[in-house]
Ligand code: F6P
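Residue numbers (the numbering used here): 26 to 381.
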């Protein structure tokens, strides 16, 4: 049995824990096994940059952040375009797979990476995928590994901001990762006790945001915490065409939505506003125990699918069970926050404003 493995896209916690699960289980399932690790994601598969992974490579990495294989972004939308030297990237990946006489390729990836995994699967390679991303935005699984670790860091950021916001009677905006999906912001906002949560799925009205701040001020809370997703969008901007909105983003003087919001809030309320962006700290450090367990279980299931020669699937968590879902059914689909979901309604009952 010859297995290739790669980690692709933005890194997150528990990538190593997942590979450890795959590797250790495979070594227990097969007597005659070779594992090849591709370096820097699909880049390694395209350009034949790989190394053989030994049993020992999978030891001591359970709690280590990042990825021992390295990663990179290989955008799906240009995957069928030749590289700068005219190389056909898809053909090159298939060539590397065949040259190494692989029986299977394990891909640890998020939305874009799984589209490529599906493409490879559809073109005849044996592929098994594991759902990675701090955004938890992959269709077909209730949870991705990385999400809870990142939420933990974002929550700690809000916790730290709370005391300083209260001391100075300021409005604090904490910008949380997630361009398209606001799940991280929703969870960290709830866990950190944010007063206002702004996510891409619920366009905000600046008046509603300011009213909430002023209402809190009136009733004695002279500070407010706003958890804002990177991709939060105002109601007015949500009415723009994709092209016009992109143009606005390209031309605006603010580095991100949080700074624009800060300006608007200050202009309308006169209360001092500060912005904190934890940024890539959210993807760093050791995975929390939840992610270690989930990643390990995903990895073991991936190994079992390989043993059964059940290819073309992503391992997933559905209603607390580890299952498989066909890659072709989930590739390219995102899991958004439903504005009418129970959790959003609960948050509203708590008094949290979504700016709607
Ligand atoms: O997809 C994971 C993610 O961390 C997003 O939440 C974030 O918007 C993006 O990646 C950042 O990408 P990069 O590391 O390429 O700047």
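Glycine included, C-beta positions come from ideal geometry on N, C-alpha and C.
Remember, it's a predicted structure, so these values are computed and weren't measured experimentally.
Say yes only if the C-beta of residue 134 is nearer than 7 Å to one or more non-hydrogen atoms of the ligand F6P, and no if none qualify.
Remark: the C-beta of residue 134 is outside contact range of the ligand F6P, defined as less than 7 Å to any heavy atom.
Going by the beta-carbon positions, is the gap between residue 67 and residue 99 smaller than 8 Å?
With contacts defined as CB atoms closer than 8 Å, residue 67 and residue 99 qualify as a contacting pair.
Can you determine whether any heavy atom of the ligand F6P sits closer than 7 Å to the C-beta of residue 255, and answer yes or no?
Checking every heavy atom of the ligand F6P against the Cβ of residue 255, one is found closer than 7 Å.
Between the CA atoms of residue 317 and residue 92 - distance to the nearest angstrom
Cα to Cα, residue 92 sits roughly 14 Å from residue 317.
Residue 178 and residue 306 look like a contact to me (Cβ under 8 Å); what is the Cβ gap, rounded to whole Å?
About 6 Å separates the beta carbon of residue 178 from that of residue 306, a gap short enough to meet the 8 Å contact definition.
Considering only the alpha carbon of each residue, which of 226, 238, 340 lies closest to residue 167?
Cα-wise, what sits closest to residue 167 is 340.
Strand pairing of residue 155, partner residues [DSSP]
BP columns for residue 155 point to 133.
Expressed to the nearest angstrom, what Euclidean distance is found between the alpha-carbon atoms of residue 286 and residue 201?
Each residue's Cα considered, the two are about 14 Å apart.
Which of the three DSSP states is assigned to residue 265 in this structure?
Here residue 265 sits in coil by DSSP.
Taking residue 29 as part of the beta strand (DSSP E), name the residues at either end of that continuous run.
Counting along the chain, the beta strand (DSSP E) containing residue 29 begins and ends at 27 to 32.
Can you tell me which residues form a DSSP beta bridge with residue 371?
According to DSSP, which records beta bridges pairwise, residue 371 is partnered with nothing at all.
Per the DSSP calculation, residue 378 is bridged to which residue(s)?
The partner list for residue 378 (beta bridge, DSSP) reads 221.
How would you label residue 38, buried or exposed, when you count the other beta carbons within 10 angstroms and need 16 or more for buried?
Residue 38 sits buried, since 16 or more C-beta atoms from the chains shown fall within 10 Å of its C-beta.
For residue 365 versus residue 227, is the C-beta distance shorter than 8 Å?
With a cutoff of 8 Å on beta-carbon distance, residue 365 and residue 227 are scored as not near each other.
Candidates 88, 35, 303, 30, of which the one nearest residue 64 by Cα:
The alpha carbon of residue 64 has as its nearest neighbour, out of 88, 35, 303, 30, the alpha carbon of 30.
For residue 78, list the residues DSSP reports as bridge partners.
60.
Beta-carbon spacing of residue 129, residue 43 below 8 Å
For residue 129 and residue 43, no; Cβs fall outside 8 Å.
Is residue 200 helix, strand or coil when you go by DSSP?
The three-state reading of DSSP puts residue 200 in strand, counting E and B together.
Let me confirm a value: residue 85 is counted as buried when at least 16 other C-beta atoms fall within 10 Å, else exposed. Which label applies?
The residue in question, residue 85, is exposed, as its Cβ has fewer than 16 Cβ neighbours within 10 Å.
Just curious, the beta strand (DSSP E) that residue 303 is in, first and last residue?
Unbroken run through residue 303: none, as it is neither H nor E.
Is residue 43 near the ligand F6P, in the sense that its beta carbon is under 7 Å from a heavy atom of that ligand?
Because no heavy atom of the ligand F6P lies under 7 Å away, the Cβ of residue 43 does not count as near it: no.
For residue 125, which three-state DSSP category applies?
In the structure shown, residue 125 sits in coil (DSSP, three-state: anything other than H, G, I, E or B).
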